Structures are given as structure tokens and as C-alpha cells.
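Novice: So for the sequence shown, the numbering used here puts the first residue at 1; every next one is plus one. Think of the CB as a built atom: it goes at the ideal place given N, C-alpha and C, for glycine as much as any other residue. A quick note: this is a predicted structure, and the numbers were derived from the prediction, not measured.
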Amino acid sequence: MDAAPTITRVGGAEIDRIDYLGEVYTTGQESRGAYSQVPGLFLNNTARSSPNCLDWYEEGSFTPTFSFASGTTGMTLGAQTGNFTRIGNMVMFRLSGIYR
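1. Which value, in whole angstroms, describes the spacing of the CA atoms of R100 and M92?
2. What residue does the beta strand (DSSP E) around S67 start on, and which one ends it?
3. Going by beta carbon distance, what residues of the same chain come within less than 6 Å of F62, once the five residues before and after it are set aside?
4. Near T76, what residues of its chain come up, given a Cβ to Cβ distance below 8 Å and the 5 sequence neighbours on each side ignored?
5. Which two residues bound the contiguous beta strand (DSSP E) that contains N83?
6. Which two residues bound the contiguous beta strand (DSSP E) that contains G74?
7. I need the DSSP call for R100, collapsed to helix, strand or coil.
8. Taking the alpha carbon of S96 as the reference point, which residue from E58, W56 and F84 has its own alpha carbon closest?
9. Measuring only the C-alpha atoms, how far is N89 from G74?
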């Protein structure tokens, strides 16, 4: 098996690592304006008691169903998509539908 993917800065030092179980680890500490890292912060999709773990990280897609409350509009629905990201008890989602 190949080595886990890494994100490196100029100069070759590893600053982030993504392992094959989907956990993301920061391995350095750096602060450049709005960009900062916390050593040892990682994501996981199972419950952990570690304060540095963003528990239950999950991404996915789905097909939403759009409908009108009553009557007809003469419009037809083309492509429709939905995406979500869950971190702990917070879910962020995006819906898209094309009407003609």
C-alpha cells in the first residue's frame, strides 16, 4: 500500500496527513494571517472522547425532490442535486434544481 497522502509546504516539511481510515491530522503549527493550524487536530467518523477530534465527520450526496404546494406552473424540473457535510451534530447542505 502506498504512503498516506500528505500536504507539504515549500521546503518539504509535512504539515498535514490523511490516513487510509479517512482521519486528517495536522502535524505542524503555523499561522499565516487567516490560515492557522492546530497540532493534532483530526477528523473522524466515529464518536471519540478526544477534545481535538471533530466527531462524526461525513460527506455525501443525495437527490432531493422538489414539488409545488398546489396547481401547475408549466415548468419542468431538470437536474436536481443535493450535497451535505456533517461534523458532530451540525449538518450543512446545498440543494440545486434547474427549472425550465
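Specialist: Reading from the atomic positions:
1. As a working note, residue 100 is residue 100 in the sequence shown. As a working note, residue 92 is residue 92 in the sequence shown. If you draw a straight line from the Cα of R100 to the Cα of M92, it comes to about 27 Å.
2. Here residue 67 refers to the residue found at position 67 of the sequence shown. Taken as a continuous stretch (DSSP letters only), S67 belongs to no beta strand (DSSP E), as it is neither H nor E.
3. Here residue 62 is taken as the residue at index 62 of the sequence shown, counted from 1. Same-chain partners within the cutoff: G82.
4. Numbered from its first residue, the sequence shown carries residue 76 at position 76. Around T76, the same chain offers Y99 and R100 as residues with beta carbons nearer than 8 Å, after the five sequence neighbours per side are excluded.
5. Taking the first residue of the sequence shown as 1, we reach residue 83 at position 83. It spans L77 to I87 - the beta strand (DSSP E) in which N83 sits, taken as one unbroken run.
6. Position 74 of the sequence shown, counting from 1, holds the residue named residue 74. Counting along the chain, G74 falls outside any beta strand (DSSP E), and DSSP gives it neither H nor E.
7. Along the sequence shown, one-based indexing puts residue 100 at 100. Secondary structure at R100: coil, using DSSP grouped into helix, strand and coil.
8. Position 96 of the sequence shown, counted from the first residue, corresponds to residue 96. Ranking E58, W56 and F84 by Cα distance to S96 puts F84 first.
9. Taking the sequence shown and counting its residues from 1, one reaches residue 89 at position 89. Taking the sequence shown and counting its residues from 1, one reaches residue 74 at position 74. N89 and G74: Cα-Cα distance of roughly 39 Å.
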